[in-house]
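J.: One structure, as C-alpha cells, below. Some questions next.
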Amino acid sequence: MTNIDCDYLVDYLNGTLTEEENQQFEHHLKTCTECQEIIEATGQLPYLADPVEPPTDMKARILSNVFDEKVEQNNHLKDQPIDQPKALKPAMSPIPIHKKRRKENVWKPLLAAVLLMSLLGNGYAFYQLSDQTAETETAIQSIELQPNATFTGTATAAMIEEEGLLNLVVQADRLAELETSQVYQVWLIKDGKPIPAGAFSPNPNGEGASYYQLETTSDEWDTIAITLEPKTGNELPEGEIVLSSEI
Amino acid sequence: MEKSTDTSLYLRVSEQDKDALEQLYDRYEKILFSFLYKMLEDRGLAEEALQEVFIKIWRGKGVYDESKGKFSSWLFRMAQNTAIDLIRKRKKPTVPIEEASQMVSNDEPVEEQVVWQEKKTQIEMAVQHLSAEQQKMIDLFYFKGHTHETIADMCDIPLGTVKSRIRLALKKLKTSLHGMQERGAYDD
Ligand SMILES: [Zn+2]
Chain D
186 MTNIDCDYLV DYLNGTLTEE ENQQFEHHLK TCTECQEIIE ATGQLPYLAD
236 PVEPPTDMKA RILSNVFDEK VEQNNHLKDQ PIDQPKALKP AMSPIPIHKK
286 RRKENVWKPL LAAVLLMSLL GNGYAFYQLS DQTAETETAI QSIELQPNAT
336 FTGTATAAMI EEEGLLNLVV QADRLAELET SQVYQVWLIK DGKPIPAGAF
386 SPNPNGEGAS YYQLETTSDE WDTIAITLEP KTGNELPEGE IVLSSEI
Chain Y
105 MEKSTDTSLY LRVSEQDKDA LEQLYDRYEK ILFSFLYKML EDRGLAEEAL
155 QEVFIKIWRG KGVYDESKGK FSSWLFRMAQ NTAIDLIRKR KKPTVPIEEA
205 SQMVSNDEPV EEQVVWQEKK TQIEMAVQHL SAEQQKMIDL FYFKGHTHET
255 IADMCDIPLG TVKSRIRLAL KKLKTSLHGM QERGAYDD
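The listed protein sequences correspond, in order, to chains D and Y. To convert, count from 1 in the first sequence and add 185; that's the numbering used here. To convert, count from 1 in the second sequence and add 104; that's the numbering used here.
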C-alpha cells in the first residue's frame with residue numbers, strides 16, 4: 186500500500202524535502218491517490234482558524250511591496266540626493282526624494298479603495314539623472330496651482346519633458362509651519378489615481394520646493410495636487426488636498 | 105461576470121498580471137490571515153508571512169499545477185511552510201494574545217464566510233473523530249510547526265515513529281472528512 190515515496194509525505198507537507206526529493210515526490214503524487222487525498226484533507230486544516238479581521242491597510246501595503254520587488258533592482262534613485270535642473274532655480278534646495286517606505290504605511294481605507302489601482306496600474310520606473318544629455322528637445326510647461334478654500338499658500342509647478350522623462354519641479358510659498366512629521370506631498374493624478382511625485386517641507390520663510398523625475402510625459406496626467414500628509418513616504422494620499430490644478 | 109477559477113488566475117499571475125494577483129489576494133486574504141494568525145499568534149508576523157507568500161507567488165517561487173491538487177491546498181501549504189520558517193527563525197515563544205478574542209471578526213456573513221463556516225464545521229467534526237493524541241499531534245505538527253523531536257517528547261512516542269504516526273493521523277482525518285462529506289451529501 187505505502188511505498189517508499191509515501192514516506193516522504195510528511196516531509197513534503199513540512200517543506201523540508203530537497204528540491205530533488207520534492208520533484209520525486211510530486212511525481213509519485215500523480216499516481217498515488219492516498220497521498221493526494223491526505224494532502225487535500227490537510228489542505229482543509231486552515232479552516233479551523235477563527236476568522237480574524239485583517240488590518241484594513243494591509244492589502245495596499247502587501248501588494249505594493251509585492252509589485253515593488255522587481256522595480257527595486259532598477260531603482261537606484263531612492264537613496265541619492267538629486268541635483269536641481271539648471272533651467273529652473275527653486276528658491277531653496279529641493280529635498281531628496283523620499284525613500285519608499287515598506288512598512289507602516291497608513292492611509293484611509295476610503296481613499297485607498299479608489300487609489301490602490303495606481304499602485305497596480307503603473308509599473309513606474311525611475312531613472313538616474315546622471316546620464317541626461319544636454320542637447321535634447323525640452324518642453325516646459327508651467328502650472329499655477331489653486332489653493333483650496335482655507336489654504337493660504339501658493340505653488341507653481343514646472344513640468345520639463347526630456348527624452349520621455351518628466352522632470353517635475355514644484356515651488357511653493359506662504360506656507361504655514363508644519364509639525365515635525367508632516368510634509369507637503371506632490372501627486373500626479375490620472376483619472377483619480379495618484380502617484381507620489383515629490384515632497385517638501387517649508388523653510389522658515391514659508392517656502393518649499395521639490396523636484397521629481399519619472400518616466401512619463403505630462404499628457405499622461407490630468408491633475409497635479411499637493412496634500413498635507415501626516416508623515417513622509419506615503420504612497421497614497423492620506424491628508425487633504427491643499428493645492429491643485431488641472432494639467 | 106464569470107468568476108475566474110483559481111487556476112486560471114494563477115496562470116495569469118505567472119504572466120505577471122497584477123490584476124489577477126489582486127483577485128487571488130482578495131479571495132484568500134482573510135482565510136490566510138486568520139490561519140497565519142492562528143499559527144503565529146501575532147498580527148505583525150501574520151502580515152509578514154502573508155506578504156512573503158504573495159511575493160513567492162509573484163516571483164514564481166514554487167510552481168503550482170493541477171497535478172499538485174487543489175490550488176487552495178497548495179496555497180495553504182505554502183503559507184504553512186512560510187509560517188513555520190518564521191516560527192523557527194524567530195524562536196518566538198508562542199504566547200496567546202488576550203486581545204485575540206476582540207479581533208475575531210463579526211462581519212456580516214458574506215458568501216465566502218458561509219463557505220468558511222461550513223468547512224470549519226466539517227473539519228472540526230473530522231478532527232473530533234481522531235484520538236486525543238492524534239489531535240495533539242496534528243496541532244503540534246501542522247499549526248505549531250514543532251520538530252519531530254518535540255512531538256515525540258510531547259506525545260510520548262518514540263522518535264522513529266513520529267512521521268508514520270503523523271501520517272496515520274492525517275490519513276484518519278482524511279477518512280473521517282470523506283465519510284462526513286458523503287453523509288453530508290445525503291443529509292441535504
Ligand atoms: Zn503515496
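A virtual CB, placed ideally from N, CA and C, is assigned to each residue, including glycine. Quick caveat: nothing in here was measured; it's all calculated off a predicted structure.
Runs of 4 residues minimum, wholly inside the stretch 131-155 of chain Y: which ones carry the alpha helix (DSSP H) assignment?
T.: List check, alpha helix (DSSP H) in window: nothing returned.
J.: Hey, is lysine 378/D's beta-carbon within less than 8 Å of any beta-carbon in chain Y?
T.: By one-based count along the first sequence, residue 378/D stands at place 193. Not an interface residue.
J.: Give me the chain Y residues within the contact set of glutamine 221/D, using Cβ-Cβ distance strictly less than 8 Å, ordered along the chain.
T.: As a working mapping, residue 221/D is identified with position 36 in the first sequence. Those are Gly173, listed as they occur along chain Y.
J.: Using only CA atoms, which one of Glu362/D, Leu360/D, Pro422/D and Asn333/D lies nearest to alanine 382/D?
T.: Against the first sequence, residue 382/D aligns to sequence position 197. Comparing Cα positions, the closest option is Pro422/D.
J.: Does the Cβ of leucine 128/Y have 16 or more other Cβ atoms within 10 Å, making it buried, or fewer, making it exposed?
T.: Residue mapping note: residue 128/Y aligns to position 24 of the second sequence, counting from 1. Leucine 128/Y is buried by the Cβ-count criterion.
J.: Check whether chain Y comes within 8 Å of phenylalanine 252/D, counting only Cβ atoms and requiring the distance to be less than that.
T.: Position 67 of the first sequence, counting from 1, holds the residue named residue 252/D. Yes, because at least one Cβ of chain Y sits closer than 8 Å to the Cβ of phenylalanine 252/D.
J.: Determine the chain D residues that contact glutamate 133/Y at a beta-carbon separation under 7 Å, and present them in chain order.
T.: Counting from 1 along the second sequence, the entry for residue 133/Y is found at position 29. By Cβ distance, chain D contributes Pro239 and Lys244.
J.: At 4 residues or longer, what runs of the alpha helix (DSSP H) sit wholly inside the stretch 209-238 of chain Y?
T.: 215-232
J.: Consider the Cβ of threonine 127/Y: report whether some Cβ of chain D lies at a distance smaller than 8 Å.
T.: Locating residue 127/Y in the second sequence gives position 23, where the first residue counts as 1. In the sequence as presented, threonine is not what sits at residue 127/Y; that position holds glutamine. Chain D contact via Cβ: absent.
J.: Please check if any C-beta of chain Y sits within less than 8 Å of the C-beta of tyrosine 397/D.
T.: Counting from 1 along the first sequence, the entry for residue 397/D is found at position 212. With 8 Å as the cut-off, tyrosine 397/D does not count as an interface residue toward chain Y.
J.: Take the Cβ of asparagine 333/D as the centre, count every other Cβ of all protein chains shown within 10 Å, and call the residue buried at 16 or more, exposed below.
T.: As a working mapping, residue 333/D is identified with position 148 in the first sequence. The residue is exposed, with fewer than 16 neighbouring Cβ atoms inside 10 Å.
J.: Which of the residues in the stretch 196-213 of chain D, read from start to end, lie with their CB under 8 Å from any CB of chain Y?
T.: Asp196, Leu198, Asn199, Gly200 and Glu211
J.: Can you give, in chain order, each stretch of the alpha helix (DSSP H) that sits fully within the stretch 353-392 of chain D and has at least 4 residues?
T.: none
J.: Any heavy atom of ligand 1 closer than 7 Å to the beta-carbon of glutamate 206/D?
T.: Locating residue 206/D in the first sequence gives position 21, counting from the first residue. Not under cutoff, so the answer is no.
J.: For valine 237/D, which of helix, strand or coil comes out of DSSP?
T.: Numbered from its first residue, the first sequence carries residue 237/D at position 52. Residue state, collapsed to three classes: strand.
J.: DSSP beta-bridge partners for isoleucine 426/D?
T.: Here residue 426/D is taken as the residue at index 241 of the first sequence, counted from 1. Bridge partners of isoleucine 426/D: Thr412/D.
J.: Please confirm whether alanine 124/Y and phenylalanine 137/Y have their CB atoms less than 8 Å apart.
T.: Indexing the second sequence from 1 puts residue 124/Y at position 20. Indexing the second sequence from 1 puts residue 137/Y at position 33. Their beta carbons are not under 8 Å apart, which means alanine 124/Y does not touch phenylalanine 137/Y by this criterion.
J.: Nearest-angstrom Cα distance between isoleucine 255/Y and tyrosine 141/Y?
T.: As a working note, residue 255/Y is residue 151 in the second sequence. As a working note, residue 141/Y is residue 37 in the second sequence. Going by the C-alpha atoms only, they are around 21 Å apart.
J.: Going along chain Y, which residues have a C-beta under 9 Å from glycine 228/D?
T.: Residue 228/D sits at position 43 when you count from the first residue of the first sequence. Those are Gly173, Lys174, Ser176, Ser177, Trp178, Leu179, Phe180 and Arg181, listed as they occur along chain Y.
J.: At a threshold of 7 Å, does cysteine 191/D count as lining ligand 1 (C-beta to nearest heavy atom)?
T.: Locating residue 191/D in the first sequence gives position 6, where the first residue counts as 1. Result yes, Cβ under 7 Å from ligand 1.
J.: So the alpha helix (DSSP H) glutamate 346/D belongs to, where does it begin and stop?
T.: Within the first sequence, numbered from 1, the residue matching residue 346/D stands at position 161. Glutamate 346/D -> not in any alpha helix (DSSP H); beta strand (DSSP E) instead, spanning 339-347.
J.: If you measure from the CB of lysine 193/Y, is any heavy atom of ligand 3 nearer than 7 Å?
T.: The ligand content of the structure shown is limited to ligand 1, which means ligand 3 is not among them.
J.: So threonine 111/Y is in the alpha helix (DSSP H); what residue range does that whole segment cover?
T.: Start at 1 with the first residue of the second sequence, and residue 111/Y comes out as number 7. Going by DSSP, threonine 111/Y is part of the alpha helix (DSSP H) stretching over 110-118.
J.: So is leucine 244/Y in contact with chain D if we call contact Cβ pairs under 8 Å?
T.: Position 140 of the second sequence, counted from the start, is the residue given in the question as residue 244/Y. By the rule that beta-carbons nearer than 8 Å mark a contact, leucine 244/Y does not touch chain D.
J.: Would you mind working out which of Lys267/Y, Met284/Y and Leu281/Y sits nearest isoleucine 189/D, comparing C-alpha positions?
T.: Numbered from its first residue, the first sequence carries residue 189/D at position 4. Considering only alpha carbons, the answer is Lys267/Y.
J.: Measure from the C-beta of leucine 194/D to each C-beta in chain Y and report whether the shortest distance is under 8 Å.
T.: Taking the first residue of the first sequence as 1, we reach residue 194/D at position 9. Closer than 8 Å to some Cβ of chain Y, the Cβ of leucine 194/D qualifies, so yes.
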